[in-house]
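Student: Numbering (our numbering), first residue to last: 12 to 269. Got a structure here, written out as structure tokens. Questions coming.
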């Protein structure tokens, strides 16, 4: 169990724990976290092998859920609502199924409790191709990465993980461990017979294919009180594409759960 890095926002209101997706960090959620902190105590985590949290050679969902459970216990947080996006959503689901006693509610952002057929290994390969010795400027590295990734938005997102170090650059994510664990990250496993019957919201992006109609039965088997809200005009990065609609949905769910 690792001690996760956390950015805290707000002093009053019910506790809300936020978890980023693959290649993300608490930094990516700062704007949303500050907005939510107007009415909630917000704890935005860096998951293992991401951001400022410790590195480890493995990163199964069981391990990552245990990390979060340990954080909740150490911080003395009582009955939080736990929210996760993409990979962080799977961590949140695993935590809810493994330790339902810790949570008051669950918000899963644009991911389902299923195995996906795609992975992000091409992105990792592109990141590992860059020369981080410091001979090139950051803008030049970003241009090289864009040539491989092609999508400017994803390139910019990946570049948020590049930081200065020892006269050159380094990645704020453990690419080796992520590569080794990718098959497990794409999948989703849970204890036999596990069910979380607390309040649950799945928030989907209208233009994303991560939550589909054929996922509904699996979702309701594991989370019988789940309801799904689709945010118009949003891709997989729901919170970034439509922040106002996203915040309205999250706040409405939290209020209904109190």
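Even glycine gets a Cβ: it sits at the ideal position worked out from N, Cα and C. None of these values were measured; they are calculated from a predicted model.
Helix or strand or just coil, what does DSSP make of residue 108?
Tutor: In the chain shown, residue 108 corresponds to position 97, counting from 1. Three-state DSSP puts residue 108 in a helix.
Student: What did DSSP end up calling residue 93 once you bin it into helix, strand or coil?
Tutor: Working through the chain shown from its first residue, we reach residue 93 at position 82. Three-state DSSP puts residue 93 in a strand.
Student: Can you list, in chain order, the residues of its chain whose CB lies under 6 Å from that of residue 179, leaving out five sequence neighbours each side?
Tutor: The count along the chain shown starts at 1 and reaches residue 179 at position 168. Contacts found: 143, 144, 145.
Student: Less than 8 Å between the CB atoms is what I'm expecting for residue 78 and residue 15, so what's the real figure, rounded?
Tutor: Here residue 78 is taken as the residue at index 67 of the chain shown, counted from 1. Here residue 15 is taken as the residue at index 4 of the chain shown, counted from 1. Sure, about 5 Å apart at Cβ, within 8 Å.
Student: Checking 8 Å against the spacing of the C-beta atoms, do residue 63 and residue 110 come in under that value?
Tutor: Working through the chain shown from its first residue, we reach residue 63 at position 52. Working through the chain shown from its first residue, we reach residue 110 at position 99. Against a cut-off of 8 Å, the Cβ pair of residue 110 and residue 63 comes out as no contact.
Student: Quick check on residue 116: does DSSP put it in helix, strand or coil?
Tutor: Counting from one through the chain shown, the residue named residue 116 turns up at place 105. In the structure shown, residue 116 sits in a strand (DSSP, three-state: E or B).
Student: Suppose only complete runs of 3+ residues qualify. What are the beta strand (DSSP E) ranges in the region 129 to 205, listed by chain order?
Tutor: Fully enclosed beta strand (DSSP E) runs of 3 or longer: 173 to 176, 179 to 182.
Student: With which residues is residue 242 paired in a DSSP beta bridge?
Tutor: As a working note, residue 242 is residue 231 in the chain shown. Partner(s): 216.
Student: For residue 152, I'd like the list of residues in its chain whose CB is within less than 6 Å of its CB, leaving aside the five on either flank, ordered along the chain.
Tutor: As a working note, residue 152 is residue 141 in the chain shown. So the qualifying residues of the chain are 141.
Student: Kindly indicate the opening and closing residues of the beta strand (DSSP E) around residue 70.
Tutor: Counting from 1 along the chain shown, the entry for residue 70 is found at position 59. Premise fails: residue 70 is in no beta strand (DSSP E) and is neither H nor E.
Student: Could you check the C-alpha separation between residue 223 and residue 156 for me, to the nearest Å?
Tutor: In the chain shown, the residue the question calls residue 223 occupies position 212. In the chain shown, the residue the question calls residue 156 occupies position 145. If you take the alpha carbons of residue 223 and residue 156, they lie about 31 Å apart.
Student: What is the DSSP secondary structure of residue 254, counted as helix, strand or coil?
Tutor: Stepping through the chain shown from its first residue, residue 254 is reached at position 243. Note: residue 254 maps to helix in three-state DSSP.
Student: Rounded to the nearest angstrom, what separates residue 194 and residue 200 at their Cα positions?
Tutor: For the purposes of this step, residue 194 is identified with residue 183 of the chain shown, where counting begins at 1. For the purposes of this step, residue 200 is identified with residue 189 of the chain shown, where counting begins at 1. Distance between the alpha carbons of residue 194 and residue 200: 12 Å.
Student: Which residue comes first and which comes last in the alpha helix (DSSP H) that contains residue 43?
Tutor: Locating residue 43 in the chain shown gives position 32, counting from the first residue. From DSSP, the alpha helix (DSSP H) with residue 43 extends over 41 to 47.
Student: Quick one: using the 10 Å Cβ neighbour count with 16 as the cut-off for buried, is residue 68 buried or exposed?
Tutor: For the purposes of this step, residue 68 is identified with residue 57 of the chain shown, where counting begins at 1. Flag for residue 68 reads exposed.
Student: Rounded to whole angstroms, what is the Cα-Cα separation between residue 41 and residue 188?
Tutor: Counting from one through the chain shown, the residue named residue 41 turns up at place 30. Counting from one through the chain shown, the residue named residue 188 turns up at place 177. Whole-angstrom Cα-Cα distance: 25 Å.
Student: So what does DSSP say about residue 237, is it helix, strand or coil?
Tutor: Residue 237 sits at position 226 when you count from the first residue of the chain shown. Residue state, collapsed to three classes: strand.
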